[in-house]
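Residue numbers (the working numbering), protein chains in the order written: chain A, 1329 to 1717; chain B, 1329 to 1717.
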């Protein structure tokens, strides 16, 4: 043991500690499953049984995924099982999947999460510094699945509606509403499943940090009906989310106001979203000042050729008027996001320079990931509906 | 065209019709996905892209799965895509997955459903004779995700709670409660996702066929805490669902009664479940006559050595007393289920012969599958809480 001196024995002790740190199953694993395991230093061990496979990899969902860029080659260990331990990951929720001889395969050991337009596996890396998105021993609201018929699409649609604790108790109390949107390739369930928006709201409420509010989460991927004309405003061909603004204004907001005890005026409605949803929040929110008075852009993409006079339906054309109209204009991003997203800060500066207040939020060391959006919601929600207090 | 006479041209026309019947994507496919496709004659075409694979199969979830026993060998067609069309399937929801060179793989084209203790793919075969489980243009209730802390397990648990249309409107109205359980390897989401219990209840309500009621769906796979003693009643080692009865009686029912506007007495509570959940319904329901007055067994397994005096906690020991205690004792099964499940009919007959009424329900031509349980709920629910009318 003494051979090689102090340095070697320290290294040996580190190796021994590492070997002993078997880690803990990710919070995303299915009952009885042991992998992926997250180690104390945030390395992650993945396993998959695939006895006949010739090559198995872990693929992280996206180039700026907090697991690292990957793909990570797995090695065959005993009994047809493949194994890899990745370098330390960034805290938060990360999408991933395997490829088995080139075919994408979800991990049979974790719950599935809809992202990247498909069912993905997910791993949750705990953050020792933050637990604001964990289920704590505080009063919990409900997440309600609400079916409604949308005239715009002529189809049944589903909204997920967070009601705060106590909603059912006092029949006379009415609530402001935050409409909160997912990113491209996700769904109305993403904010509660991946984002844990309900726990974030429960915890903020328990601290007295926010006004009690409803949170309505819908699916932003709403294509126009076949044969329908392109968006009048742009004339661009369909991208698959063109009709969402119509659904929000003509179907969703009226349904929510007629179904729930809301404060049904613009001062008590906000619209926010992440990534693609951030673009939708700015377009639909600023484009409908009769409906919304507050807008949040979580990791939105900076518009090419941003122009105060014409961008966002010209809502910011007249700074004096815009200052009165918009109660809150909030933008944020992770500090290590891609350039087109970080460029949004310049958009915020341009708006601010015109005299319209913009709140900018930096999520330190985080990329285009759910941890950024959890932090964004935690900063954004307490700023909403403050005049209502 | 006339060559070969009438018979040949009829066969040719059939082949042409078959070729033209490209089918429709299953109701379970993800947005934009085309397969599996269900044909008019209920054959199903599955596809998977796996260019490097040597053997790909469709595996039906269970030997009596309505898709057929399988596995179904897929053939490589153009561009690395594998394809198979199965024989006509039984209507309803069926679990399946692929194996790619022996490794189980979910279909990336459908939503995932938790069954067989894992995420599975699902296909929905329409039934031209029945639409009672479809979303129709009727008032819809909500399915609410409700977190609560269970003292029995010392952990946060999730109940899914169906509230009927109008629940939020009349604050004075109180509701009876049906506790409705899934089968082995499923979860609290199965009855709403696979079973469509909420649409079944919405439709029965719209027809005036049932009393408005809450439906509470929890997760029956509740293991005792590590180190906890075995069930006092049986002394058997843990199977993974031993603590569910304690959770129901000590945590779930009290939480539901204190959170929702229920009629909090035994006459207004029923407990039903399918397969493993049927066994739990009989054990926990009949074992707790102070809590429940109605029990439903959907495709339950006949107990070995059934004895009126001792089985089901001796609840049926005294037929005269049992006739007064139990408002409804309901049992049912598909007519082509396995022998141990069909043997339940003899148990029902034995109970009936003792003078205790039992309602028996046959789901014609159906096996141990969700379509049986949808039909079971449709027959069971209208019989509940009739004295409440």
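Heads up, the beta-carbon is just placed ideally off N, CA and C, and yes, glycines get one too. No experiment lies behind these values; they were computed from the predicted model shown.
| Item | Value |
| --- | --- |
| Could you have a look at residue 1564 (chain B) and say whether DSSP puts it in helix, strand or coil? | Per-residue confidence for residue 1564 (chain B) stands at a pLDDT of 45, beneath the threshold of 50, marking its modelled position as unreliable; the derived number appears in the next sentence. Coil at residue 1564 (chain B), not helix or strand. |
| Listed in chain order, which residues of the region 1463-1478 of chain A have Cβ atoms closer than 8 Å to some Cβ of chain B? | 1463, 1465, 1468, 1470, 1471, 1472, 1473, 1474, 1475, 1476, 1477 |
| Cα separation between residue 1716 (chain A) and residue 1508 (chain A)? | With a pLDDT of only 46 at residue 1716 (chain A), under 50, the local geometry of the prediction cannot be trusted, and the value read off the model is given with reservation. Looking at the two C-alpha atoms, the distance is approximately 19 Å. |
| Can you tell me the Cα-Cα spacing of residue 1357 (chain A) and residue 1618 (chain A), whole angstroms? | 45 Å |
| Closer than 7 Å by C-beta to residue 1437 (chain B): which residues in its own chain qualify, once you throw out the five before and the five after it? Chain order, please. | 1357, 1358, 1361, 1363 |
| Would you kindly work out how many angstroms separate the C-alpha atoms of residue 1559 (chain B) and residue 1675 (chain B), rounded to a whole number? | Model confidence at residue 1559 (chain B) stands at a pLDDT of 41, short of 50, so the residue's coordinates are unreliable and nothing is read from them. |
| Return the residue from the list B:1434, B:1548, B:1712, B:1387 that minimises the CA-CA distance to residue 1448 (chain A). | B:1434 |
| Check residue 1356 (chain A) in the structure and name its three-state DSSP category. | coil |
| Between which residues of its own chain and residue 1673 (chain B) is the CB-CB distance below 8 Å, once the five residues before and five after are set aside? | 1659, 1661, 1688 |
| Out of curiosity, what's the CA-to-CA distance linking residue 1710 (chain A) and residue 1704 (chain A)? | 11 Å |
| So does the region 1644-1655 of chain B actually touch the region 1691-1700 of chain B, counting three or more Cβ pairs closer than 8 Å? | no |
| Can you look up residue 1675 (chain B) in the DSSP assignment and give me helix, strand or coil? | helix |
| Does DSSP put residue 1605 (chain B) in a helix, a strand or coil? | helix |
| Do the region 1373-1382 of chain A and the region 1404-1418 of chain A make contact, defined as three or more Cβ pairs closer than 8 Å? | yes |
| Does any C-beta atom of chain A lie closer than 9 Å to the C-beta of residue 1511 (chain B)? | no |
| Do we get a CB-CB distance below 9 Å when we pair residue 1595 (chain B) with the residues of chain A? | no |
| Look up residue 1512 (chain B) in the DSSP assignment and say whether it is helix, strand or coil. | coil |
| Can you have a look at residue 1511 (chain B) and say buried or exposed, based on whether 16 or more other CB atoms are within 10 angstroms of its CB? | buried |
| Between residue 1683 (chain B) and residue 1647 (chain B), how many whole angstroms is the CB-CB distance? I'm expecting something under 8 Å. | 4 Å |
| Looking at chain B, which residues of the region 1419-1434 of chain A have a Cβ within less than 8 Å of any of its Cβ atoms? | 1428, 1429, 1430, 1431, 1432, 1433, 1434 |
| Check each residue of the region 1496-1508 of chain A: if its Cβ is closer than 9 Å to any Cβ of chain B, include it; give the result in chain order. | 1496, 1499 |
| Among B:1355, B:1576, B:1394, B:1444, whose alpha-carbon lies nearest the alpha-carbon of residue 1693 (chain B)? | B:1394 |
| Three or more C-beta pairs closer than 8 Å, one from the region 1537-1551 of chain A and one from the region 1576-1596 of chain A: is that the case here? | yes |
| Using a Cβ-Cβ cutoff of 8 Å, what residues of the region 1650-1679 of chain A are near chain B? List them in chain order. | none |
| If you follow the beta strand (DSSP E) that residue 1690 (chain B) is part of, which residue opens it and which one closes it? | 1687-1691 |
| Which of the three DSSP states, helix, strand or coil, is assigned to residue 1719 (chain B)? | Any question about residue 1719 (chain B) goes unanswered here, given that chain B covers just 1329 to 1717. |
| Identify which residue in A:1574, A:1450, A:1452, A:1593 has its Cα closest to the Cα of residue 1480 (chain A). | A:1574 |
| In this structure, does DSSP put residue 1644 (chain A) in helix, strand or coil? | coil |
| What's the call for residue 1695 (chain A), buried or exposed, on a 16-neighbour Cβ count within 10 Å? | buried |
| How far does the beta strand (DSSP E) with residue 1654 (chain B) in it extend, from its first residue to its last? | It is not in any beta strand (DSSP E) - residue 1654 (chain B) carries neither H nor E in the DSSP assignment. |
| Enumerate in chain order the residues of its own chain whose CB-to-CB distance from residue 1369 (chain B) is below 6 Å, with the five nearest sequence positions on each side excluded. | 1416 |
| What does the alpha-carbon distance come out to for the pair residue 1718 (chain B) and residue 1467 (chain B)? | This structure cannot speak to residue 1718 (chain B), because chain B is shown only from 1329 to 1717. |
| Going by alpha carbons, who is nearest to residue 1474 (chain A) out of A:1397, A:1488, A:1624? | A:1488 |
| Does any residue of chain A bring its CB to less than 9 Å from the CB of residue 1600 (chain B)? | no |
| What separation, rounded to the nearest whole angstrom, lies between the Cα atoms of residue 1427 (chain A) and residue 1440 (chain B)? | 18 Å |
| What would DSSP say about residue 1741 (chain B), mapped onto helix, strand or coil? | Since the first residue of chain B shown is 1329 and the last is 1717, residue 1741 (chain B) is not available in this structure. |
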